[in-house]
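Student: Residue numbering for the sequence shown follows this note's numbering, starting at 11 and increasing by one per position.
Think of the CB as a built atom: it goes at the ideal place given N, C-alpha and C, for glycine as much as any other residue.
As the structure is a computational prediction, the values presented were derived from the model and not from experiment.
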Amino acid sequence: MTKLGGGYSIECTVIVENWTKYPLTDARVTPYSGSLYSSAVSIRPGEKEQFITHKTSWSSYGSAGVASWLIGDGHGKRAAVMWSVPYCHLFYSNWLAVGLTESGNQAHKDWFEQMYYHESESGLHFKRKDYYYDTNILSFKDEKFEITMGTSYKPTARIIIKPLNETDLAPGLKRDG
């Protein structure tokens, strides 16, 4: 997978790896600020995909928004990712949040506000992290997410959606014997 940026001063690449045996479908992206260079797509079991966001030309805002995928295990949960990459790192830092919705929660419009400014609540459970001083892994457990995001102007967030039960691993990722 090649990182295909658009040469913008502020970009964020989000790489999502699906380690589950379930497809991640119905990809949705809601930009809060900035634009999409490439959009999120469905992700088959054992595969990874990426999308790239960037600041809008001639604006003083960076790139921020929310993306989510429906986990195809029949329970109606969505995996959600929130990113915020500011225009100026002198006063602001990169933020990232990951979480899972409760079954049937398909609302998407207000998730950025909730994940950036507020706490987990009924319907959407998540953890968020400020990436100003370090790039330590952020982990949210239900299904497990492991995420790193750099502190540069063009960070890459790596999201791994991994089942807690090994029998739910994608076939190509299971250990033999």
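Since Y127 is in the alpha helix (DSSP H), which residue starts that stretch and which ends it?
Tutor: Counted from its first residue, the sequence shown places residue 127 at position 117. Y127 -> alpha helix (DSSP H) spans 121-127.
Student: Is the distance from the Cβ of V225 to the Cβ of A77 below 8 Å?
Tutor: Residue 225 is absent from the model: the chain starts at 11 and stops at 187.
Student: At what residues does the beta strand (DSSP E) containing I20 begin and finish?
Tutor: Within the sequence shown, the letter at position 10 stands for residue 20. Taken as a continuous stretch (DSSP letters only), I20 belongs to no beta strand (DSSP E), as it is neither H nor E.
Student: Relative to the C-alpha of T30, which residue among R185, G182, K184, P173 is closest?
Tutor: In the sequence shown, residue 30 corresponds to position 20, counting from 1. Comparing Cα positions, the closest option is P173.
Student: Between which two residues does the beta strand (DSSP E) carrying S48 extend?
Tutor: If you number the sequence shown from 1, residue 48 lands on position 38. First-last of the beta strand (DSSP E) with S48: 45-48.
Student: Tell me, which residues are paired with I80 by DSSP?
Tutor: As a working mapping, residue 80 is identified with position 70 in the sequence shown. First, the amino acid is wrong: residue 80 is Leu here, not Ile. Per DSSP, T35, R88.
Student: Just to confirm, are V26 and E59 a CB contact at a threshold of 8 Å?
Tutor: Working through the sequence shown from its first residue, we reach residue 26 at position 16. Working through the sequence shown from its first residue, we reach residue 59 at position 49. It is a contact, given that the beta carbons lie within the stated cut-off.
Student: Looking at K87: is its Cβ nearer than 8 Å to the Cβ of S45?
Tutor: Here residue 87 refers to the residue found at position 77 of the sequence shown. Here residue 45 refers to the residue found at position 35 of the sequence shown. Cβ distance not < 8 Å, so K87 and S45 don't count as in contact.
Student: So, are the CB atoms of L34 and I81 less than 8 Å apart?
Tutor: The count along the sequence shown starts at 1 and reaches residue 34 at position 24. The count along the sequence shown starts at 1 and reaches residue 81 at position 71. Contact flag set, yes.
Student: Kindly indicate which three-state DSSP category T191 falls into: helix, strand or coil?
Tutor: Coverage of the chain is limited to positions 11 through 187, which leaves residue 191 absent and any answer about it impossible.
Student: Once DSSP output is grouped into helix, strand and coil, what is the label at G72?
Tutor: Along the sequence shown, one-based indexing puts residue 72 at 62. G72 falls in the coil class under three-state DSSP.
Student: Out of Y141, Y142, F136, point me to the one whose CA is closest to K151's CA.
Tutor: What you label residue 151 is simply residue 141 of the sequence shown in a count that begins at 1. With distances taken between Cα atoms, K151 lies closest to F136.
Student: Give the single residue among P165, T177, E57 whose Cα lies nearest to the Cα of Y141.
Tutor: Residue 141 sits at position 131 when you count from the first residue of the sequence shown. Distances from the alpha-carbon of Y141 to those of P165, T177, E57 put P165 closest.
Student: Could you spell out the range, first to last residue, of the beta strand (DSSP E) harbouring G109?
Tutor: What you label residue 109 is simply residue 99 of the sequence shown in a count that begins at 1. 105-111 is the extent of the beta strand (DSSP E) around G109.
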